[in-house]
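**Q** Following this message is one structure expressed as C-alpha cells.
Written out as C-alpha cells, the structure is:
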C-alpha cells in the first residue's frame, strides 16, 4: 500500500496555497492544479491549522493574503520557480518532445507564422496561445500564467528580457461607405473631434492616442469603448466610428477604408518579452532563438 509522506503532503499544501495566491481564489486555483475546489481548500486549511497561522482573509468577494501569507508567498514563489528550473535542467539534454509553451499576444495574427515554424520544429510540444492587452499580458508574465508575451509595451522594470520585433505607424479605419473614407488621410486635430472607438484601459493604442491628445491640449468627444482589437475593427465596419490601430494590424476587409494620420508620427512598437528569471528555460529560449532567425 502506498503511503504519502509528510514531506509530500507539505509540498502539496504549499502548492495549493501558492496557486490560490497566484490565481486569486480557490476555484481558479483548483482549475489550474487539476484538483477539486474542496481538495484545494482542505490543503490550505490543514497548512494553516498545522502551524496555527492564517494565510488568507476570506470574504464573499474573494480572498486576500494576510501579512504571514505574503511572506510565505514570496518564499513559495522562489521555491517553485527553483523546482521548475531544476527539473528543466535535468531534461535539457533531451529535445523538446514534451511540455507546454504558453504565449500571450495582443495581436495574435502577428505571431501565427512564428508559431507555425515552432510547431514544425517541435511537433510534440503543446503550444497554447492566449490574447489580452499589453497591461494584462505583463501581469500574466508576472504571475507565471504565460511564458512569453508579444505586446506593444516594453516593461520599464529590470526583471524582464525584451526584444523589439517591429514598429508601425498608427492609422484610422472607417466604414468604407462613410463620407470620411474618401479623404484618404486626416489631421490628428480633426480626428479627435469625430466619434472614436477606443480600446479598453491597458491597451497601448488607447494610451498613445490619449497621450498625444493631452500633449496637444485636445479633448476627445463622443468616443465609445470596446474590448479587443477585433471588436473595435468590427465596430468600425458597422459605422460606429473610427478605430485606431497600427498599420501592421490591418487585415483585408472590403468593408473598411484606411485613413493615414500624417501629422501623428508616433509608431506602435511590438516586443517579445519574458521574465529574466525564466529566460534560461529551454522551451522559452528555443522560441526566442527561433524568432530571431
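Numbering (the UniProt record's numbering), first residue to last: 1 to 293.
The beta-carbon is built from N, C-alpha and C at its ideal position, and this holds for glycine as well.
Residue range of the alpha helix (DSSP H) that residue 211 falls in?
**A** Residue 211 -> alpha helix (DSSP H) spans 204 to 215.
**Q** For residue 161, report the span of its alpha helix (DSSP H) as first-last.
**A** Premise fails: residue 161 lies in the beta strand (DSSP E), 160 to 175, not in any alpha helix (DSSP H).
**Q** Quick one: is residue 15 buried, meaning 16 or more other Cβ sit within 10 Å of its Cβ, or exposed?
**A** Per the 10 Å Cβ criterion, buried.
**Q** Excluding the five sequence neighbours on either side, which residues of its own chain have a C-beta within less than 6 Å of the C-beta of residue 157, listed in chain order?
**A** Cβ neighbours of residue 157 beyond the five flanking positions: none.
**Q** Quick one: is residue 177 buried, meaning 16 or more other Cβ sit within 10 Å of its Cβ, or exposed?
**A** Flag for residue 177 reads exposed.
**Q** Measuring alpha carbon to alpha carbon, tell me which of 146, 102, 285, 171 ends up nearest residue 267.
**A** If we check each option's Cα against that of residue 267, 171 comes out closest.
**Q** What residues are listed by DSSP as bridge partners for residue 245?
**A** DSSP output for residue 245 lists 171 as bridge partner(s).
**Q** Helix, strand or coil for residue 290 per DSSP?
**A** Helix.
**Q** Using only the alpha-carbon positions, how far apart do residue 278 and residue 186 sit?
**A** Approximately 44 Å, taken between the alpha carbons.
**Q** Can you give me the Cβ contacts of residue 93 inside the same chain, cut-off strictly under 6 Å, excluding the 5 residues immediately before and after it?
**A** Residue placement at residue 93 is poorly supported in this model, since its pLDDT is 43, which falls under 50; the coordinates are not used for a value here.
**Q** By DSSP's criteria, residue 56 is part of a beta bridge. Which residues make up the other side?
**A** According to DSSP, residue 56 bridges with 65.
**Q** With 16 as the cutoff for other CB atoms within 10 Å, does residue 229 come out buried or exposed?
**A** So residue 229 ends up on the buried side.
**Q** Using CA atoms only, rank isn't needed, just tell me which of 273, 173, 109 is closest to residue 382.
**A** The requested residue 382 is not part of the displayed model; the chain covers only 1 to 293.
**Q** Is it right to say residue 219 is buried, meaning 16 or more other beta carbons lie within 10 angstroms of its own, or is it exposed?
**A** Burial call: exposed.
**Q** In this structure, does DSSP put residue 102 in helix, strand or coil?
**A** Note: residue 102 maps to strand in three-state DSSP.
**Q** Per DSSP, which one or two residues make a beta bridge with residue 269?
**A** Answer is 167, bridged to residue 269.
**Q** Between residue 125 and residue 111, is the Cβ-Cβ spacing less than 9 Å?
**A** In this structure, residue 111 does not lie closer than 9 Å to residue 125 by Cβ.
**Q** For residue 261, which of helix, strand or coil comes out of DSSP?
**A** Residue 261: coil per DSSP, three-state reduction.
**Q** Beta-carbon separation of residue 269 and residue 164 under 9 Å?
**A** Yes, the Cβ-Cβ distance between residue 269 and residue 164 is below 9 Å.
**Q** Hey, which unbroken runs of the beta strand (DSSP E) at 3 residues or more fall wholly within the region 106 to 131?
**A** Counting only runs of 3 or more, we get 126 to 131.
**Q** Is it right to say residue 86 is buried, meaning 16 or more other beta carbons lie within 10 angstroms of its own, or is it exposed?
**A** Label assigned to residue 86: exposed.
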